[in-house]
Structure formats: C-alpha cells, structure tokens
Amino acid sequence: MTTQRTSGRRKQAAAAAAVVAALLTTAACGGGGKDDDGGTKNGAAGFDAANNKVAQASLAKKGGELKFASAQDADSWDTTRGYYGFMWNFSRYYSRQLVTNKTEPGKAGAEITPDLATDVAKVTDDGKTYTYTLRDGITWEDGKPITSKDIKYGIERVWAQDVLSGGPTYLKDVLDPKGEYEGPYKDKSADKLGLKAIDTPDDKTIIFHLPKANSDFEEMLALTSASPVRQDKDTKSKYGLHPFSSGPYKFQSYSPNKDLVLVRNTEWKASSDPVRKAYPDKISIKFFTNANDLDSRLIAGDYDLDLAQTGLSPQGRTTALKEHKANLDNPVSGYIRYAVFPQSVKPFDNEHCRKAVIYGADHVSLQTARGGPVAGGDIGTNMLPPSVPGSEGQDYDPYELAGANKNGNVAKAKEELKACGKPNGFKTTIAVRNNKPVEVATAESLQASLKKIGITVDIDQYDGAQTTGIIGSPSNVQKKGYGIIIMGWGPDFPSVQGYGLPLWSSKYIQQSGNNNYALIKDKEIDGLFDDYVNTLDDSGKAKIATEINHKVMEGGYYLPFVFEKFINWRSSRLANVYTTDGYSGMYDFVNLGLKSTK
Amino acid sequence: MVRGGPLAVLAYLIRRLFAAAVMLVVIVVVVFGIFFLIPKWAGVDIATSFVGKQADPAAVEGIRQKLGLSDPIYAQVWEFFKGIFVGRTYSGGGDVTECAAPCFGYSFRSEQAIWPVLTDRFPVTLGLALGAAVLWLIFGVAAGVLSALKRGTLWDRGAMVVALAGVSLPIYFTGLLSLAIFSYGLGWIDAEYVPLEDSFTGWLGGMILPWITLAFLYAAMYARITRATMMEILGEDYIRTARAKGLKEQVVIRKHAMRSTMTPILTMLGMDLGALIGGAILTETTFSLPGLGQAVLNAIKNQDLPVILGVTLITSLAVLIANLVVDVLYAVIDPRVRLS
Chain X
221 MTTQRTSGRR KQAAAAAAVV AALLTTAACG GGGKDDDGGT KNGAAGFDAA
271 NNKVAQASLA KKGGELKFAS AQDADSWDTT RGYYGFMWNF SRYYSRQLVT
321 NKTEPGKAGA EITPDLATDV AKVTDDGKTY TYTLRDGITW EDGKPITSKD
371 IKYGIERVWA QDVLSGGPTY LKDVLDPKGE YEGPYKDKSA DKLGLKAIDT
421 PDDKTIIFHL PKANSDFEEM LALTSASPVR QDKDTKSKYG LHPFSSGPYK
471 FQSYSPNKDL VLVRNTEWKA SSDPVRKAYP DKISIKFFTN ANDLDSRLIA
521 GDYDLDLAQT GLSPQGRTTA LKEHKANLDN PVSGYIRYAV FPQSVKPFDN
571 EHCRKAVIYG ADHVSLQTAR GGPVAGGDIG TNMLPPSVPG SEGQDYDPYE
621 LAGANKNGNV AKAKEELKAC GKPNGFKTTI AVRNNKPVEV ATAESLQASL
671 KKIGITVDID QYDGAQTTGI IGSPSNVQKK GYGIIIMGWG PDFPSVQGYG
721 LPLWSSKYIQ QSGNNNYALI KDKEIDGLFD DYVNTLDDSG KAKIATEINH
771 KVMEGGYYLP FVFEKFINWR SSRLANVYTT DGYSGMYDFV NLGLKSTK
Chain F
314 MVRGGPLAVL AYLIRRLFAA AVMLVVIVVV VFGIFFLIPK WAGVDIATSF
364 VGKQADPAAV EGIRQKLGLS DPIYAQVWEF FKGIFVGRTY SGGGDVTECA
414 APCFGYSFRS EQAIWPVLTD RFPVTLGLAL GAAVLWLIFG VAAGVLSALK
464 RGTLWDRGAM VVALAGVSLP IYFTGLLSLA IFSYGLGWID AEYVPLEDSF
514 TGWLGGMILP WITLAFLYAA MYARITRATM MEILGEDYIR TARAKGLKEQ
564 VVIRKHAMRS TMTPILTMLG MDLGALIGGA ILTETTFSLP GLGQAVLNAI
614 KNQDLPVILG VTLITSLAVL IANLVVDVLY AVIDPRVRLS
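In the order they appear, the protein sequences are chains X and F. The first sequence begins at 221 in the numbering used here and counts up one residue at a time. The second sequence begins at 314 in the numbering used here and counts up one residue at a time.
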C-alpha cells in the first residue's frame, strides 16, 4: 500500500506556523470544554479509545452525512488502478470483492471473510484450485445481478497495464506468470473473457486455477483490484472518474482534487452483504491544499476524519494533544521507516561496512526526527511490521537498537569498520526525497551520528515525485553513488509476501521501478519465499515469515528507524469507530456511523 | 478617447497580438524543455513516475505511448499546438480518448481534458483577483494619496508602517493568521469556499478573507507607489501653475495630480492582475480555493505536465492581455500618450 500526503511545507512557514499554532491553541480553548483521556465533555470516546477496539458502537444511527477531508486525492478511484491505502479502504463503499477484510478492530480486521461469495474459498488440488459460489441478491447500481463473469472481467483488467497502470499486479503474476494473456482490451474472444486461469461455468460459480500454489492467493483476492467490473460500464482509462457501484454507495459527483460525493445505492441489499452496515446516507470528501487548514477544520468539527489517515500535521497535533486528546488515536501504521544499503555501491557490498552504519546510528535521534515515540513510532528493531504474522515486534532486536545501542555504539561500529577494511571510515551519499521533510530530518540525524565514526555523508535530496525513476533504477543508484537510501514500506496485505517479496526477493530486482534497493540476491531468502507460498497452514507461514525477517536482518541490508505510529483525528460525531490492521492501522471507513443524523 | 486614428490603433493591436503569439510559442517550448529534457539529461525515465509502486513494463510502455514520450520533442510541441485548433486523439492499448478543440492537452493523472479543468477553475481565480484588486485599489491608492498630502504626519507614518508590514509579511503568514483569528478562533467567518452558483452569501464568506489577505499585500505596495508618485507630481510645475491659477486644492489633486499618478498604478495593476489571474498559488493554497493556482500546485506535485502547460499558457495570456489593455488605457488617462 502507498500512503502519501502533502508535506512539502516551505521552511519559511515555520515561523508563521509557530505563531498560528499559538493562536489556534488560544482559539481552541475558547471553543469548548477541555477533554480528558476519558473524554466525555464533547462526546468524544477518549484517547486511543478506537485503537484496536470499537468505540461507541451503540451510538451509531442510520442517516446523515459522513464528511471526509483530505490533503490529497486518490491516485485513482478505479478499483484496478488505485494503490493508495486510503483508496483501498474507501473503495469498500462502492465496490465489493469475493472476499474482503473482516470489519473488526486490530488484528482480526486483517482476516478474510466472505463478501460476494457465500464462503471463503474451497481450496483443492494442493492449493492450486480455488472455488467460490456467489451469494443471492448481489446487484449493480442499476439493479442487474453481479455475475461470476463480471468478477472475472474485473480481474482481467489487471492485465491491461498499458491502459490501467498504477495498481497492484499480484493477481497477474500469480495467475499468469508467463504473461500469456494480453488483457481484455486486446482479447480476441467474443466475450473478452479469454483468461484461461479463471473459469466461470455459470453465473454463480467462479474457479481459479493457479499454475503454482500460493498460500496468500485469497489475500490477493481481497484486494480492491479483484473487484468486479461490468463490461458494458467499463470506460477504460476514465473508469476512475465514475466507477459503477457494486457496494452500498454510488458516485454522485466527483471533481478531481476538489470533491467527491457518494450517495446510497438504492439497489444494494443489506441482506446480501454481511460486511457493510452502511450507516450514513451520504459520504463526502473535500480536498484541501493546506494541511494546516485541514487539521484546523477537523478540530473545529467541520469534518469528521482525514481520508489519508497519515496523522495530523505537527501544528494540529500539538493543539489536539493539548486540548482534544479524547478525539485522538495513536495506532501503529504497519509501515517501517528505514535506511537501505544498495550493495552495488561500494563499500556497501561489504556486510561489515553496512553493520558499521547500523551500530553507528543514534536510534533515539532517528526516532525523534520521525516525530518521537508517539507521533513517530517505536524504535524499529527489525524489518517485519508488527501487524504481519510472524513478527516479533521489538522482541527481536539483533543489533540491540532499542536496547544497549539505542544511542549508537561507537566502539562496535569501529570494530565493524575495521573488519570491513575501512578503519578510518569512508565517504558516501544518502538519497532522500525532497518532498518529505521528516525523511530529510532522519538523513540529517544519520549524517551527524555517522560523522562520529568517521563516515562522511553527503545528502542528496532528489525530486520526490520521481522516486520510481531515480532510486528505482539500480544503474542510476550506482551512478549517483547512493550508498544509503531513506525509504518506508507498508504491507499490501498482512503477510511476509505482501510486505517483503518486492523488497527482498532476487526475482523482484528490476531495471526500472525496482523496490529491492539493497539488491538482495540470497538463495536462502528466495527459497524461504518459495516455501512460504506452498505452506498452507497459518502457523507454518508465520514461522517462515520470522525466518525470512531474521535472514534479512542478519545480512545487515537495512537500518530500521521506527515501527511507524500516527496521531489520527476522529470527530465527536463519529460512532462505531475502530482501527484495523486490514488497512494499516487506519479507521475502518466502511462501517463508520454518526451519532446524530443532523 | 484613443488617439492616433483607428487604423493606427488596429495596426498597433495586430502588432501586439502577433508578439503575444510568438511569446506563447516560446513559453510552451521552454516548459516542454523543462519537463521533458531536464529529467532526460538527469537520466530519469519520466514514464516510470506515472506507474505507481509495481512498475509493470507494459505500464511504463503504455505511458510512453500515451504521452508520446518516444516522439522527438519538436513533434510533441507540434502535436500540442495542433490540438488547440483541431483537437487530438490519444490512443494506446485499445483505449481511445478524444480531446476536443481547443485541446490544451490531457491529464493522465486525473483522466481529464485540460481545457474543461481550466474553464472550471478560472472563475474562482478571476473572482479572487478582481475582488482583491478592487479592495487594494480603494485602500492602497487612498492611503497613498492621503499619506502624500499629509506627509510627515502621524497618519503618514502609521500608514507607511502598515504598508511596510503588508509588503514584508508573506501571504501564508497573513493568510493563516486571518484564518486562525476570524475563522477558527472567533468564528465570524466560515472561510470555506462555496461556488457562487450555490450561494452568494456562502461565496462571499469564503472569499472575504482571501480578498483581504491578498489586498493587504498589494494595497501596501500600491500605497507606497502612490505616495511616492503623488509627492513627485505635487512638486511639478503644472501643479504649481494650477494652484497659482487659483484652482481649489481638491480640483488640483483630483483633476491634475491624480491623473498623472494613475499611470504607473495602471501599469502595475495590469501586470499584477494578469499574474494573479494565472493563479494566486499561495493564496489559493492557504485558503484551499479550487482555482488555477491550486490546480497548478497539485500538478507540480504530481508531475502532471499537461495541467502545468495549460495554466502556464493561461497565465501568460492573461499577463499579455492585461498589458495590452493597460497600454490602450494609457491613452485614455494620459492625453500625451499616442498608440503609434
């Protein structure tokens, strides 16, 4: 999943922000009673009341307008093309899949539950065949029934990457690893349903034939990109402007970067949908360009929550923590923020040089640069997010990053430098996105601590909008001498495959759009991923995930900064609120309700 | 009345319009160069920035085809100009998108033709620029004139201190401050933009703070220029002559001094209004106004070249037209000016 948010604040704005923050604080004081953690004065549920648990479920009423605000629009509202985390979360309002994440808080929210299908998959043929039967009463927004062919067609659209770029391509890779199918727009069959890996013997049955088993296949079917799309309503590249609804709400209007309004899909039947409660009558999003203005309006009660769910800005956070703590939650986002060492850039081909950086870094300072323990997250000690099965959280800390070495260990770092043949240190360059001030701050922190062990670091702030082209090209990374790259990653679905495969598998090293920045070519890790996809039981999968994480950490390819956390706002109007691991610690949008319909 | 005869005026206008057209072509070529050539020199494949996290090779190729990135730069520029007059068809991978004339390009980020985006957002920016201009002209010029007439007084000094503050304080400061006080704090104004067609009072409420913020900056500049010009003019011989003739001071100021003062003010107004119509980026960003400035900011963040090109063209066009209008108005204000 990708999260983004307008973050390019000008440095000069800092002074202005400080004054305004003070004024806002004063203004907020006059606005109402001060909340405490229990939060009853303004009806808010209390600090962290919705973090991994349901807050005020019984207060939710049918009706009203749920108001989102956002500093950025989705990459696309087309179910095939969207990749932003909030888009996947929000799309459940207007799209359904065979299976989806449970509408439950915390870890349970990452589990799979039937949606359009009557049950989870009937898996046969050693994990290579998945069969589903569709429910009765499932309909499109014009009242026509949703058929297995609509689902197949929606999935086939993933193959049309030349037209519908941007979304995840897991299904394409798993169902058609040889790339034989060209997608529905080039499909020569009359019904445009030529993908051999999916059978639709009747309108109610759909069967997936995998060339090779993949134990996360059902997770992939829960992604938004597996939504049905009706062929006669497919407007191809323009579908994201007005997707045809299979869910409880449909598009009323959408003006990119301005606003989006959903209204009830009157053809949707609650009896056909065990997942969605569909409380509000109307759901709207207003897009802002000023993140501070957005936060102020959230705090003022003009809007209910931030669509992006990437936390309040520093100014809004200060005010909210002081005056409206009962409206805040502090979830773990599922993201790990880290530095990675490309092995193509010397001396990072040497494991000891990498480890010298890991030991030399001041991990508390890096955490502070990310926003501190509350707004930034706990010190990251390994590379598997806490929400992924198999993670040991901070209990696995092979370099004692949150323990004895949390302020850096100069002696140990120097030992590693000696072992790598660079006892006096070396020179390298950190590549960091210029549109992420927090990442630039971490680069500066790292630069300062590495100086103490003789590693001289230049910081290259590259154009953040060109990330894929600049650091996603191994040849460019080598040419520019980027020995350290600052990045972050979150799971597409909560498994080691959904998180780590593009980062750590040698098969995912690409000349363009590469995400295996460290260029890890470890046969053991590749082998473990192969074992993982063939392992069907959950405990076995978790064990392999743990093992892969250990291998990655032992190689010293990464310096984790934090297991990221956010401070997110929920208005006092909201009911039935909870964060879910299914969407990286965001509130589960689809079942939010309002306490009052006015 | 415009002097120089109708033919001279026409010839003048044609000359200016031709120069404007040449300027627009140059601007388009430069913007193309900035967005296509510079990344190429830096070794960056632009297509990869459009494809998201899992950069499928087919997706990268599809983007290249749609954006015409494989074509030489002159061919891309030519296609762009052709599209303005005859429209364009974008096709690739079995998907065909028609962009009717005037086609100022097509955004592959938001899947929209640029022209409707521009026409949709233009009224917001126009309303912002015109409303603010009325305010800054009234208050800026009045403050400048009064300061010049009451030179050295407490009023003069006070007005010039306020003007200095207005010029020095950036819009994102005054804008945020006005929001914090009047909207979030006192709650007097709901500063959220409402389209004029939805509600006049809502629109007025949403525009009042942006107008004041923008006008504060410009009024300060206008006050300082008006004061300086007025003081210079009041020392001119013809003003002394007018006074010696026994004309009332009010008439001297209004009929003689003001008229000459307006010439540089008008020049500034032309430039400022033109630039603002092209997008008051900071003001629109601070107040989340859905105008051209906001569109171009989003486009820059998303590397959405067609939108950037479209807004740049509109800005240039607005500046050129505003200057042309100002030049013509010179002759009306100052009879000494000839349009020849």
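Positions of the beta carbon are idealized from the N, C-alpha and C atoms, including for glycine.
Bridge-paired residues (DSSP) for residue i
i	result
X/Asn813	Sequence check: residue 813 of chain X is Gly here, not Asn. Its beta-bridge partners are X/Ala795.
F/Gln425	F/Ser420
X/Trp709	X/Ile556
X/Met806	X/Thr800
X/Glu784	X/Gly597
X/Ser504	X/Lys287, X/Val481
X/Gln831	This structure cannot speak to residue 831 of chain X, because chain X is shown only from 221 to 818.
X/Tyr778	X/Val560
X/Lys647	X/Thr676
Beta-carbon neighbours of residue i, restricted to chain F and to distances below 7 Å
i	result
X/Pro609	Those within 7 Å of X/Pro609 in chain F number zero; the least Cβ separation is about 22 Å.
X/Ile690	Val357
X/Asp831	No statement about residue 831 of chain X is possible, as the shown extent of chain X runs from 221 to 818 and does not include it.
X/Ala520	Tyr497
Local Cβ density within 10 Å of residue i, reported as buried at 16 or more and exposed below that
i	result
F/Ala635	buried
F/Ile663	The displayed coordinates of chain F run from 314 to 653. Any statement about residue 663 of chain F would go beyond what the structure contains.
F/Leu320	exposed
X/Lys656	buried
F/Tyr387	exposed
X/Glu744	exposed
F/Arg470	exposed
F/Arg553	exposed
X/Ser607	buried
X/Trp297	buried
X/Lys818	exposed
X/Gln717	buried
F/Asp369	buried
F/Leu586	buried
F/Phe331	exposed
X/Gly250	Confidence in X/Gly250 is poor, its pLDDT being 32 and thus under 50, which makes the residue's placement too unreliable to answer from.
F/Gly346	exposed
F/Arg567	exposed
X/Tyr370	Rather than Tyr, the amino acid found at residue 370 of chain X in this sequence is Asp. By the neighbour-count rule (16 or more Cβ atoms within 10 Å), X/Asp370 is buried.
Cross-chain neighbours of residue i in chain F, by beta carbon under 9 Å
i	result
X/Gly760	None at all; the shortest Cβ gap to chain F is about 27 Å.
X/Leu461	Ser423, Glu424, Gln425
X/Gln730	Ala368, Pro370
X/Ala685	Ser362, Ile613, Lys614, Asn615, Gln616
Interface partners of residue i on chain X, CB under 7 Å
i	result
F/Thr628	Residues of chain X passing the Cβ test: none, with the nearest at roughly 18 Å.
F/Asp408	Val383, Tyr405, Lys456, Ser457
F/Gly361	Reading the sequence as shown, one finds Thr at residue 361 of chain F and not Gly. Going along chain X in sequence order, the residues near F/Thr361 (Cβ under 7 Å) are Thr688, Gly689, Gly692, Ser732, Gly733.
F/Gly375	Gln381, Asp382, Val383, Ser385
F/Ser601	Phe508, Thr509, Asn510, Asp513
Chain X residues whose Cβ lies nearer than 9 Å to that of residue i
i	result
F/Ile590	Going along chain X, no residue has its Cβ under 9 Å from F/Ile590, so there is no contact; the nearest lies around 19 Å.
F/Val624	Neighbours of F/Val624 on chain X: none; closest Cβ ~13 Å, over 9 Å.
Anticipated Cβ contact below 8 Å, residue i with residue j, distance rounded
i	j	result
X/Tyr304	X/Ala294	5 Å
X/Glu285	X/Lys632	The pair is not a contact, with the Cβ atoms about 57 Å apart (cut-off 8 Å).
X/Ile375	X/Leu391	6 Å
X/Asp746	X/Ser715	Not really, about 17 Å apart at Cβ, beyond 8 Å.
X/Leu748	X/Ile764	6 Å
X/Thr338	X/Lys322	That belief does not hold up - the Cβ atoms of X/Thr338 and X/Lys322 are roughly 16 Å apart, past 8 Å.
Beta-carbon neighbours of residue i, restricted to chain X and to distances below 8 Å
i	result
F/Thr598	Thr509, Asn510
F/Gly405	Asp382, Val383
F/Gln607	Asn477, Thr509
Chain F contact residues for residue i, given Cβ-Cβ distances below 8 Å
i	result
X/Asp617	Under the 8 Å cutoff, chain F gives no residues; its nearest Cβ is about 29 Å from X/Asp617.
X/Ser553	Ordered by position in chain F, no residue passes the 8 Å Cβ test against X/Ser553, which lies about 16 Å from the chain.
Tell me the start and end of each unbroken alpha helix (DSSP H) in the segment 290-319 of chain X that is at least 4 residues and wholly inside, in chain order. 305-310
In chain order, which alpha helix (DSSP H) runs of at least 4 residues are fully inside the segment 342-400 of chain F? 351-354, 370-380, 386-399
Going along the chain, which unbroken runs of the alpha helix (DSSP H) with 4 or more residues stay wholly within the segment 574-628 of chain X? Whole alpha helix (DSSP H) segments, 4+ residues: 583-589, 592-595.
Just list the alpha helix (DSSP H) runs in the segment 702-762 of chain X, keeping only unbroken ones of 4 residues or longer that don't cross its boundaries, in chain order. 716-724, 743-754
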